[in-house]
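So the sequence shown is numbered by the working numbering: it starts at 610 and just counts up by one. Built from N, CA and C at the ideal position, the CB exists for glycine as well. As the structure is a computational prediction, the values presented were derived from the model and not from experiment.
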Amino acid sequence: MKRSRVIENDENAPPKKFHHDDWEIKENIKKTVLTHAPSSDASAHVVDHPYSFPFPPYPTQLKLMSDLYKIFEDKCIGILESPTGTGKTLSSLCAVLSFLEDENQRIQRNIESNREKVKELKTVFVGAEFDEAMKIHKEMREYEEKAEVEEDKLERIRRRISEARSRYDHYQTTQEVEIEDCGNITPEKEPESPPELLKVVYATRTHSQIDQLTAELKRTRFQPRVVSLGSRSVFCPNSEVNKLPNSAAGDKCKDLRETNKCPYYKHSKVVLLSDHILAGITRDAQDVLKESTCLKACGYYASRAAVPFCE
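So, in structure tokens, the structure goes:
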């Protein structure tokens with residue numbers, strides 16, 4: 610009998626069990642999943658199924674999505690099994706992206722809630738005694754700081770994505786790189802610390818499985834910022850590097866970078882390729898490699914540069 614387990618953070622607690630051959634969908638699960646209809650601005654795929662599944666899900670698919678969503682909500686470690694051909698990839702995508710969407714909406718609600726609390730406290734602050742006023746002032750600052758941190762994070766992400774799309778549009782018009790070449794970049798060093806963003810990471814054994822994942826993603830209404838990651842043998846366009854084994858490729862790459870002899874390791878071109886990734890133009894490994902060759906930019910470092918702003 611196929612089944613899955615959820616391992617709680619508490620090692621002493623017994624694991625929760627989810628049976629995929631149990632076709633009965635409990636009433637509380639029904640209430641949960643039916644809240645995940647598409648948002649009003651979803652135009653790519655108009656669906657009204659639980660978790661925005663692109664077609665009516667089978668009970669086993671619905672159960673899998675419900676189990677996954679509960680795992681994310683409870684911040685558990687989940688181990689799930691499902692037979693071949695039951696749509697695990699599409700089911701997991703819809704569940705995790707529904708959760709990600711809900712979390713982003715929760716963050717926005719928290720910002721608005723903190724701002725409202727500041728307004729309420731300001732009203733109380735006016736007529737308060739000194740000691741009480743100081744206490745209220747401290748509480749106001751705490752709410753303001755919480756809101757500012759989240760707003761700053763969201764603004765930095767919006768700004769970076771806007772810049773990426775703008776530069777991509779400009780490149781499409783001119784078909785040449787006109788960004789000032791600032792020389793080689795050092796990927797290990799960022800001009801500012803990247804924003805802490807909730808991310809979904811899919812790990813697969815092969816790159817073809819990643820390509821399958823991105824193909825399944827296109828069947829959904831979700832449009833997250835996606836980047837494919839891999840070794841230099843896959844993403845490096847320099848034949849002096851990509852033909853070598855992993856360890857040797859890393860050493861050769863380092864040597865070429867430090868001596869400024871790699872024609873693909875240029876700041877402006879790496880940034881432009883990273884823009885293409887963030888603008889949603891390149892998603893799978895083949896797209897990145899194709900654009901990497903076309904732009905004469907390093908796909909390996911462009912992918913890494915896009916990670917902080919991807920979902």
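Check	Outcome
Using beta-carbon positions only, say whether VAL809 and LEU706 come within less than 9 Å of one another.	yes
Please return the same chain residues whose Cβ sits closer than 6 Å to the Cβ of ILE886, not counting the five positions on each side in sequence.	VAL836, ALA915
Can you tell me whether PRO890 is helix, strand or coil according to DSSP?	The residue asked about is misnamed: residue 890 is Ile in this sequence, not Pro. ILE890: coil per DSSP, three-state reduction.
Nearest to ARG750 by alpha carbon, out of ARG841, ASP761, ILE770, LYS728?	LYS728
Shortest alpha-carbon distance to ASP896 belongs to which of GLU764, LEU838, GLU690?	LEU838
Alpha carbon to alpha carbon, how far is ILE890 from LEU730?	46 Å
Assign GLY687 to one of three DSSP states: helix, strand, or coil.	strand
Smallest Cα separation from CYS919: which of LEU898, ARG892, LYS905?	ARG892
Which residues bound the alpha helix (DSSP H) around THR823?	816–826
Note down the Cα distance separating LEU826 from LEU699, rounded to an integer number of angstroms.	7 Å
Identify whether ALA812 lies in helix, strand or coil by the three-state DSSP scheme.	coil
Apart from the five residues just before and just after GLY696, which ones in its own chain have a Cβ nearer than 7 Å to its Cβ?	GLN670
DSSP three-state call for ARG834: helix, strand or coil?	coil
Which residues bound the alpha helix (DSSP H) around GLU849?	848–851
Which class does PHE844 belong to by DSSP, given the choice of helix, strand or coil?	helix
Cβ atoms of LYS861 and LEU853: under 9 Å apart, would you say?	yes
Which class does GLY839 belong to by DSSP, given the choice of helix, strand or coil?	coil
Give the straight-line distance between the Cα atoms of ASP884 and ALA894, rounded to the nearest whole angstrom.	15 Å
Kindly indicate the opening and closing residues of the alpha helix (DSSP H) around GLY696.	That residue, GLY696, is in no alpha helix (DSSP H); it is neither H nor E in DSSP.
Is the beta carbon of CYS703 less than 9 Å from the beta carbon of TYR660?	yes
Considering ASP864, what are the terminal residues of the alpha helix (DSSP H) in which it resides?	855–867
Answer yes if the segment 899–911 comes into contact with the segment 866–885, meaning at least three C-beta pairs across the two stretches below 8 Å, and no otherwise.	yes
Within 10 Å of its beta-carbon, does ASN851 have 16 or more other beta-carbons around it, so buried, or fewer, so exposed?	buried
Less than 9 Å between the C-beta atoms of LEU822 and ASN847, yes or no?	no
Taking Cβ positions, are ALA756 and ASN713 nearer each other than 9 Å?	no
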